[in-house]
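Below is one structure, written out as structure tokens; comments come after it.
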Amino acid sequence: MESQAEQREIIVKVRRYNQEKGEYWQEYKLLVDRFTQMTEVLRRIKSEQDPTLAYRASCHMAVCGSCAMKINGEPRLACKTLALDLVKKYDSNQITVEPMDYFKVQKDLIVDMDDFYTRMFKVKPRLYPSKEVTEGNGEHRLRPEDQRELWKFAQCIWCGLCVSSCPAVRIDQDFLGPAAHAKGYRFLADPRDTIYDERLKILADSAWRCTYCYQCFNVCPRDVEPVTTIKKTRAHTRFLKEKTEVVKTGEKHVKAIFDSIRETGKLEEAKVYITTYGLAEAIRDMFYTMRNGKVNLALIREKKVTQIDQIQKLMGEDE
Amino acid sequence: MDKLLYDAVVLGGGLAGLMSAHEIASAGYKVAVISKVFPTRSHSSSAEGGIAAYVRGNSDPNDNPDYMTYDTVKGGDYLVDQDAAELLSQKSGEIVEIMERWGTLFNRQPDGRVALRYFGGQTYPRTRFVGDKTGMALLHTLFERVSGLSVDFYSEWFAVDLVLDEKRVAGVLAMEMKSMEPVLFKAKAVVLATGGMGMLYAHTTNAYINTGDGYSMALRAGAALKDPEFVQFHPTALYPSDILISEAARGEGGILKNNKGERFMTRYAPKKLDLAPRDIVSRSITIEIREGRGFPGGYVGLDLTHLGESYIKERLALAYEAAMSFAGVDATKEPIPVRPAQHYYMGGVDVDITGKNSDLQGLFAAGEVACVSVHGANRLGSNSLLETLVFGRETGRAVVEYLRKHEESSSTTLEKEAEKLLDDAYTFVKSESGVHFGEILNKLRQVMWDDVGIFRNEDLLKTALSEVEKLRAQVKSMYVTDKSKTYNTEFFNALELRNMMDLAVIIAKSALTRTESRGAHYRTDYPERDDKNWLKHTLAYLKGNQVEIGFKPVTMTRWQPEARVY
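Residue numbers (my numbering), protein chains in the order written: chain A, 1 to 319; chain B, 1001 to 1566.
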């Protein structure tokens, strides 16, 4: 490895805000080398150039989740971002830094995280072990492979990046958001837990509200894959006792897709739509589609799939 | 000024604070946790390698709690209070079992029981772990647990000072960072659980928030710090960003190598080699570098390559990830560049084994901010997580006992007292011109690193003391340019710097006073341990600008000092 790190000048443009002045952009210039983390960039601006700049940072090693922000438009942890990596990636020595989306800005890069915390507490984020174990009359055993699987999803550091970039959160008040789902699933799937039914009731409806856009998968700095936990939670809904309309529609949708592929080897969108939502609603939505000039897309004729029996063989017998 | 009323207030939302709060709330008392960050952002989350524990039925068959106590006492170069170390060992198994019960996803053995591995200074392996993110796993488990109890959290509130009624702690003055509103928290007992002070040093593995606030609040209120000269330097911080590469890397078989490819620890600790205690390994690396056997820039290599890719990626995920992301080194293919950096502070607020301070009634401390004297002159790896939980719990229980026996302070002057403390805080930053915190801070961190570091001597320490005193005087003319009424972090940085200064002067003076070498305190002018004159604790008080040093005996139960050879 290179030991003597070459220094380069960068220009950092920060989107700032305070109650007195409102929103404005400010530029700073400083020298960095290839090891300089964006948290160091901010610390040096604050201690050497402009002490009024406000931001959160703590561990500088991507375990505390304090320094979530938007850097060159990407939702990132500042500590896990090296300044010169950005310079290289964007081929520009100018780096923009902004507060996270979705959350209300309090000052400069500090946003109000209360909405995020409320989501996390909704999923009862703690283990409810059996009485036998809490009273010390039994011990938990956990298979190494279960530990590995659960630990992957338990590594959420509550940074808020996934929620800040989740489109479903913005339009659907009943969607818990990616982080809460990861947390919820981590306990739902924990064999040591005792409130499975209650957890499933909290999670199942919300799980079917995710749009599978994969933003959370992309932005999570700990690779928790919240969307994977949502998929896994959906697989549990067959154990759900009272199904909500959203869950029923979701299950119908999955079945419609399965049947469509089984019968034709293709995803017949229009047919899947009618089966999922019923004829009446499908017609109503059709008018909406027509008004927006998208109807042609729904009526594209596709070629038939040959050797459909091969597909059916792959998919197995009827459920 | 607004007032809030509690039975007890805990300052700090890391493991020690949360465990104390857990005990206090479980006994039915009204407790507030005040923290300058949301609890899961606390520095406990950065602890990596694990938590030491002797678990009956799940330990090495030859091991027992006595070996664990002995390792801790020897590791601490006999400055450990042996009753404290005994308590730590005896309660270790129970604490790990509790955390497992509450959901911590410890790594497992094939039969489903909690796994264990070697750490520095251990006769038998006893470290329990969750990959190399053990602190994060424990912190989240405990926070989640405590958030289900009736505990009031004041996150992103900055504690300014303790409020006294004569020789008794009667509350805390704190400010909400969002609104900048000061509030007097009246309480019968206050637990300091504010963590360490790594930001005093130019090179540290610590979080930015570790500015030693609790030490200085205690000092200003008149309580003593015990053994403040003992600062731990971790041997393997990633070059150059000082991110911790866990001792687990060596526990799992990693080897330190100099620029000649030599395993140099064979010269310094022929038996324990790379797994000698941290003070010894840090000095060895520094000598290698100083004598020209380091790599340009000043580091050595930590070689994991022989462990194999899949093993590294599972058991040492964070080390692998840190080396890759922050130094551009693939640890499965080449050695990780490492050098020592400040890591832990053995010194702290003087408390007994129940977490109680004897200078001020109603004052308790737990975790890194406290000095129960369980680490002595050098802490063993994976004993700090253990300490936070064991002594966090002991302290919480002692607070409950205390609350049962004590009434609220009847003082009518508390508010006036709090107003005065608030005025003090404002005064020293209200000048219209002068220096701003950054200039002083950078100088302080460099002085502490250069002159109160891994190798010390009289000349260096005298220089340090006079430099620190000069900087401390400058702090009084510090000014805050930011006038905003929400999240004025510049104001809080300035208060943090005031705290760092009060502590720095204590560390420098205590280090100058102790004319021997013991554990992490290494004096090149007094290279030997001197049990005849120095087998005693330092007690340091801050009286205005003066540091007053006293001493107190070390509690010895079974182990007499012997040569510390590894």
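Backbone N, C-alpha and C fix where the C-beta goes; we use that ideal spot for every residue, glycine too.
Does A:V12 come within less than 7 angstroms of chain B when only Cβ atoms are used? no
Give me the subset of the segment 23-47 of chain A whose CB atoms are less than 9 angstroms from a CB atom of chain B, sorted by chain position. D33, R34, F35, T36, Q37, T39, E40, R43, R44, K46 and S47
At least 3 beta-carbon pairs within less than 8 angstroms: the segment 1200-1211 of chain B vs the segment 54-67 of chain A: yes
So, does the segment 62-69 of chain A touch the segment 12-32 of chain A, judging by three or more C-beta pairs under 8 angstroms? no
Please name the residue in B:T1354, B:A1159, B:D1459 and B:T1194 whose C-alpha comes closest to that of B:R1524. Going by the sequence as given, residue 1524 of chain B is Thr instead of Arg. Of the candidates B:T1354, B:A1159, B:D1459 and B:T1194, the one whose C-alpha sits nearest the C-alpha of B:T1524 is B:D1459.
Please work out which residues of its chain come closer than 6 angstroms, Cβ to Cβ, to B:A1276, disregarding the five sequence neighbours upstream and downstream, and give them in chain order. A1269 and Y1566
With a 10 Å radius around its C-beta and 16 neighbouring C-beta atoms as the bar for buried, classify B:S1433 as buried or exposed. exposed
Own chain partners of B:K1167 with C-beta closer than 8 angstroms, once the 5 adjacent residues on each side are dropped: G1222, D1359, L1360 and Q1361
Between the segment 1305-1330 of chain B and chain A, which residues of the former have a C-beta closer than 9 angstroms to a C-beta of the latter? E1314, L1318, E1321, A1322, S1325, F1326, A1327, G1328 and V1329
Any C-beta of chain A sitting closer than 7 angstroms to the C-beta of B:P1065? no
Element boundaries [beta strand (DSSP E), containing A:Q94]: Q94 to E98
Give me the Cα-Cα distance between B:A1189 and B:L1542, rounded to the nearest whole angstrom. 22 angstroms
Burial state of A:G278 (16 or more Cβ within 10 Å): exposed
Within 7 angstroms (strictly less), CB to CB, does B:M1136 reach chain A? yes
Between A:I308 and chain B, is there a C-beta pair that is closer than 7 angstroms? no
C-alpha distance - B:L1142 paired with B:Y1054, whole-angstrom precision: 21 angstroms
Please name the residue in A:D174, A:Q312 and A:T36 whose C-alpha comes closest to that of A:V87. A:T36
With DSSP run on the structure shown, which of helix, strand or coil describes B:R1514? coil
Taking 7 angstroms as the limit between beta carbons, can you name the residues of its chain near B:Y1239, skipping five residues before and five after? G1297, Y1299, A1327, P1337, V1338 and R1339
Write down the C-beta distance between B:D1578 and B:E1516 rounded to the nearest angstrom, noting that I regard them as a contact closer than 8 angstroms. Here chain B covers residues 1001 to 1566 and nothing more, so residue 1578 of chain B does not appear.
Flag A:T322 as yes if its beta-carbon sits less than 7 angstroms from any beta-carbon of chain B, otherwise no. Here chain A has residues from 1 to 319 only, and residue 322 of chain A is not among them.
Option nearest B:E1100 by Cα separation, candidates B:R1113, B:T1388 and B:E1548: B:R1113
Under 7 angstroms, CB to CB, which of the residues in the segment 54-81 of chain A have a partner in chain B? A54, A57, S58, C59, H60, M61, V63, C64, G65, S66 and K80
Would you tell me roughly how many angstroms separate the C-alpha atoms of B:F1295 and B:E1181, rounded to the nearest one? 51 angstroms
So, for A:S3: in the same chain, excluding its five sequence neighbours on each side, which residues have a beta-carbon less than 8 angstroms away from its beta-carbon? Residue placement at A:S3 cannot be trusted, given a pLDDT of 46 that sits under 50; what the coordinates show is reported in the next sentence. None.
Neighbour-count burial assignment, B:V1160, 16 or more Cβ in a 10 Å radius: buried
Should B:M1448 be labelled buried (16 or more other beta-carbon atoms within 10 Å of its own) or exposed? buried
With distance defined between alpha-carbon atoms, name the residue in B:V1009, B:V1349, B:R1315 and B:K1186 nearest to B:I1245. B:R1315
Start and end residues, beta strand (DSSP E) containing A:N18: R8 to N18
Show which residues of chain B have a CB atom less than 8 angstroms away from the CB atom of A:R143. R1108 and G1112
Closest Cα partner of B:N1457 within the set B:F1492, B:S1179, B:H1521 and B:L1414: B:H1521
Residues of the segment 1418-1437 of chain B in Cβ contact with chain E at a cutoff of 9 angstroms, in chain order, please. Absent here is chain E; the protein component of the structure consists of chains A and B.
If you draw a straight line from the alpha carbon of A:H236 to that of A:D259, how long is it in whole angstroms? 20 angstroms
Any C-beta of chain A sitting closer than 7 angstroms to the C-beta of B:A1016? no
Burial state of B:L1386, where buried means 16 or more other Cβ atoms lie within 10 Å: buried
When you check each C-beta in the segment 125-139 of chain A against every C-beta of chain B, which residues fall closer than 7 angstroms? P125, R126, L127, P129, V133 and T134
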